[in-house]
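In terms of my numbering, the sequence shown opens at residue 137 and continues consecutively. Glycine is no exception: its CB is placed at the ideal position from the N, C-alpha and C atoms. Please read these numbers as outputs of a predicted model, since none were measured by experiment.
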Amino acid sequence: LLGCERLDDDLGRIARDSAARWGQVVVLKSSTVWIADPSGRCLVHDQPNAALATAGTGDVLAGAITGLIAQGLDGFDAATLAVWLHRAAGRMVRQALGDAGVLASDLLPVLPLAMKDLKKIAR
């Protein structure tokens, strides 16, 4: 699908090439998250969090991106904001529960708190 044997190669290049090939915004989630668009823009969010390395957290991220697009953000901006919110929610869950035993559903109640924190920062 991505045209490579291993994902531990240059993830930024893989994200950029995939975005260009598909003509879409690509979010490549690993311990770091790469966001790329077809024009070549590429951002990296490099704040690893073991609490987010569990089944379903990528689905939560995809849902957040989709929800932001539904509110009118373009794909790149929605992905960028959603990744920030997802990571902030992950930090909150990690502080409350630790790394082990976190479920994707643990992120859902804290996503609005992450948005509230972002609004405070933006003021």
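- Candidates L217, P248, L221 and S175, of which the one nearest L188 by Cα: Ranked by Cα distance from L188, the options L217, P248, L221 and S175 are led by L221.
- Tell me where the alpha helix (DSSP H) around V196 begins and ends. V196 -> alpha helix (DSSP H) spans T193 to A206.
- Tell me whether L209 sits in a helix, a strand or coil according to DSSP, three-state version. In the three-state scheme derived from DSSP, where H, G and I count as helix and E and B as strand, L209 is classed as coil.
- Please report how far the alpha carbon of I171 lies from the alpha carbon of G237, in whole angstroms. C-alpha separation (whole angstroms): 27 angstroms.
- Item | As assigned by DSSP and simplified to three states, the class of V161 | DSSP places V161 in coil when its eight states are reduced to three.
- Assign S154 to one of two classes, buried (16 or more other C-beta atoms within 10 Å of its C-beta) or exposed (fewer than that). By the neighbour-count rule (16 or more Cβ atoms within 10 Å), S154 is buried.
- Message: DSSP has L179 in a bridge; who is on the other side?
- Response: For L179, which the question treats as bridged, DSSP gives the partners I171.
- How long is the line joining the alpha carbons of S167 and L254, rounded to whole angstroms? If you take the alpha carbons of S167 and L254, they lie about 22 angstroms apart.
- Message: So, for L179: in the same chain, excluding its five sequence neighbours on each side, which residues have a beta-carbon less than 7 angstroms away from its beta-carbon?
- Response: Cβ neighbours of L179 within its own chain (closer than 7 angstroms, five residues either side excluded): I171 and T216.
- Name the residue from K165, A250, M228 and L204 whose alpha carbon lies nearest to the alpha carbon of A191. Checking every option, the nearest Cα to that of A191 belongs to K165.
- Task: Count the other CB atoms, across all protein chains shown, that sit within 10 Å of the CB of A258; report buried if there are 16 or more and exposed otherwise.
- Result: Its Cβ having fewer than 16 others within 10 Å, A258 is exposed.
- Task: Please look up how many angstroms separate the CB atoms of A200 and A218, rounded, as I've assumed it's under 8 angstroms.
- Result: Confirmed, Cβ separation roughly 4 angstroms.
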